[in-house]
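Have a look at the structure below before the remarks.
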Amino acid sequence: MAKEVITTDQLKYYRLVAENDDRSKERWQKNFSWYPGRQNIEFSRVAQIYCDSRHTYGDETFMKYAQRKRLHNKYTTTVKH
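Position one of the sequence shown corresponds to residue 93 (the numbering used here), numbered consecutively onward.
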């Protein structure tokens with residue numbers, strides 16, 4: 093069974109890749125780690141935003157918009173009390 097020889101150039105390359113990976117991870121943590129949390133907050137507001145739009149623009153206009161954008165039925169059904 094032949095053994096593979098690892099050259100210093102290969103070691104330098106692997107080290108460079110590992111360092112770049114660490115730098116990329118740190119950069120993402122510093123600059124973009126807030127994004128998933130904020131995305132969850134915004135997506136949880138979707139139903140409320142559609143409800144507000146429906147009250148602002150009226151059922152007819154909102155339903156035209158909903159049909160054009162193919163909104164999910166949960167945003168277009170009318171709840172009767």
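A virtual CB, placed ideally from N, CA and C, is assigned to each residue, including glycine.
Residue i: buried (16+ other C-beta within 10 angstroms of its C-beta) or exposed?
i	result
PHE57	Only positions 93 to 173 of the chain appear in this structure, which leaves residue 57 out of reach.
PHE124	exposed
GLY129	exposed
Just the Cα atoms here: how many angstroms apart are residue i and residue j?
i	j	result
TRP120	ASP101	28 Å
TYR142	TRP126	25 Å
ALA158	VAL138	13 Å
LYS166	GLN131	20 Å
LYS84	THR99	Given a span of 93 to 173 for the chain in the structure shown, any question on residue 84 remains unanswerable.
HIS173	ILE133	Model confidence at HIS173 stands at a pLDDT of 43, short of 50, so the residue's coordinates are unreliable; what they give is reported in the following sentence. Between HIS173 and ILE133, the C-alpha separation is close to 28 Å.
GLN140	ARG162	17 Å
TYR105	ARG115	15 Å
SER145	THR153	10 Å
If we call anything under 8 Å between Cβ atoms a contact, is residue i one with residue j?
i	j	result
MET155	THR168	yes
Run through DSSP, which three-state label would residue i get?
i	result
ILE133	helix
GLU118	helix
LYS95	coil
HIS173	Interpretation of HIS173 is limited by its pLDDT of 43, a score under 50 that renders its predicted location unreliable; the figure taken from the coordinates is listed afterwards. It is coil, neither helix nor strand.
LEU108	helix
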